[in-house]
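Structure first, commentary second.
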Amino acid sequence: MLGVLLPNITVNALVLASMYILASLGFAFIFNMLGSVNLAHGAFYMAAAYITYYLCAKAGLSNWVAMLVSTMILAGVGIVMERFVFRPFMTEFNRVVMVSVAIMTMFQQIAVFISGSQTIAIPPYGSGNLDLGFVTITNEKIVTFAVGIILLIIVLIIVYRTKLGMQMEAISQDRLGAALQGIPVNRVSMLICALGFALAAVAGSMMGAYQQVSSGMGDNINVRILMLVMLAGAGSMNGILITGVLMAILDSVCPIIWDSYTASSIACSAVVILLLFKPKGFFGHDA
C-alpha cells in the first residue's frame, strides 16, 4: 500500500509546494521591504484565477494567453497598491491591515456574487498522462510543477544574482540607509510589488486549473501563506522554500488519513505547535 501511495504523495507535494512558494514569495517581498502585512494577497490570487477563467470562457482566449493577461493585470494592480496603499501607510501598520481586510472582503463578496458556492474550472494546461510504471502522473501536474520551478529559478536569480536583488536586500535591512546610498527605493518597491502580485496571479491561474476556482480559494491560500511565512521566519527566503515543501507534505498526507476539514485542522495545529518551540520560525532572525 505504501509503495502505491508514496509516489503519488510525493508528486502532489511537489506540485503544491511549487505553487505555495510562488504565492508566498510576493507576500514575503512586501513584508520584508515595506513592513506591510498584505492580508489581501489571497484575494488577488483568487481574482487572477477568475480573470483567467472568464478570459477563457467568455473572450475565447487560450488558457496560456489568459494567464498572461491576468498576470499583467495583477502586476499593474501591484504597482497601484504600492503607490496608494503600502507607501503612504508604511509606518501605519493598523491602517494597512484595515485596507487589506476591506479589499479582501470586497473581492470575496464579488466572487460569491459571481459564482456563489459553485466551483468552476480553468481549462487544463496539460492533457493526458505520463505512465512511469510505478506511478501515473497527469500532464497537468507536470506542467504546473514545471511552471512553478522555472519561475522560482528566475526569482532566485533576480534576488541573488542581480543589482535589483542587492537593492532589495539593502532596502529590507535599512530603507533610509538605502535611499541615502542612492538606491531608488520607491521604484524598487514598485517593481517588487508588481513581481509579487504577478507570481500570485500565476499561482492562482495554475491552481484554478489544478484544483478549480472557487470563492473560498483566496482564504485557503491566505492561511497557507501566513503559516508558511511564520514557519520560515521574517526575512528568510530560503526558509520559505523549505517550509513550503513542509506545508505541501502536510496537505498531501493529512487528507489521506482524515477528511478534508480534519486534515486542515491537523495541519494548522502542527504549525501552531512548531511555532511554540520556534516562535521566530525555523530560519527567522531579529529585525
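Mapped onto the numbering used here, the consecutive letters of the sequence shown carry residue numbers 811 to 1097.
Glycine included, each C-beta is placed from N, C-alpha and C at the ideal position.
Between which two residues does the alpha helix (DSSP H) harbouring residue i extend?
i, result
"I947", "Here I947 belongs to no alpha helix (DSSP H); instead the beta strand (DSSP E) covers T946 to T948."
"L974", "K973 to Q983"
"D1029", "M1027 to A1042"
"V995", "V995 to Y1020"
"A1058", "M1047 to I1067"
Using CA coordinates, which residue listed in the options is at the minimum distance from residue i?
i, options, result
"F1092", "A931, M1040 and L844", "M1040"
"A850", "G888, E892, S910 and R905", "S910"
"N848", "M908, Q983 and F944", "M908"
"I1002", "R1034, A989, A1058 and Q977", "Q977"
"L865", "F1087, V945 and P933", "P933"
"A859", "G1018, L1038 and G992", "G1018"
"L815", "S1079, F917 and I1059", "I1059"
"S1079", "S927, I967 and V1033", "V1033"
"A857", "M916, S872 and T954", "M916"
"N822", "I964, E950 and G1026", "E950"
"G958", "G926, V969, A876 and S1015", "S1015"
"Y1071", "N1030, I1035, I1050 and M877", "N1030"
"I964", "E979, S999 and L832", "L832"
"G1043", "D1069, P1065 and V1081", "V1081"
"S937", "P817, K1090 and I952", "I952"
"F903", "Y855, G845 and A853", "G845"
"E979", "P817, F841 and I819", "F841"
"G1006", "S1075, L986, V969 and Q1021", "V969"
"L824", "S1062, S1074, Q918 and M843", "S1062"
"L966", "M1047, T954 and M1027", "M1047"
"L878", "T946, I861, R893 and F894", "I861"
"I889", "I1050, L1084 and V998", "V998"
"G1049", "C1064, A1073, K1090 and R893", "K1090"
"M1000", "N873, M843 and T948", "M843"
"V945", "S1025, A921 and T820", "T820"
"R897", "Y1020, N996, S1024 and W874", "N996"
Can you tell me whether DSSP reads residue i as helix, strand or coil?
i, result
"L942", "coil"
"V847", "coil"
"I930", "strand"
"A1097", "A caution first: A1097 carries a pLDDT of 45, below 50, which makes its placement in the model unreliable, though a value can still be read off. Residue state, collapsed to three classes: coil."
"A823", "helix"
"L812", "Low confidence applies here, because L812 scores a pLDDT of 48, under 50, leaving its location unreliable and the question unanswered by this model."
"P1089", "coil"
For the ligand HEM, I want to know if residue i counts as a neighbour, meaning its beta carbon is within less than 7 Å of at least one of the ligand's heavy atoms.
i, result
"I1059", "In terms of ligand content, the structure shown is empty, and the ligand HEM therefore cannot be addressed."
Just checking: is the beta-carbon of residue i within a distance shorter than 8 Å of some beta-carbon in chain B?
i, result
"F854", "Of the protein chains in the structure, only one exists, and it is not chain B."
TODO: Mind the definition here: the segment 1004–1019 touches the segment 871–888 only if three or more C-beta pairs lie below 8 Å; say whether that holds.
DONE: yes
Open item on the list: When you compare the segment 813–831 with the segment 1052–1059, are there three or more beta-carbon pairs, one atom per stretch, that lie closer than 8 Å?
Closed with: Yes, the segment 813–831 touches the segment 1052–1059.
Task: Stretch pair the segment 1022–1041 + the segment 830–847: three plus CB contacts closer than 8 Å - done: yes
Task: Three-pair Cβ contact test at 8 Å for the segment 866–882 versus the segment 918–938 - done: yes
Task: Entirely enclosed alpha helix (DSSP H) segments - the segment 875–930, minimum 4 residues - done: 903–925
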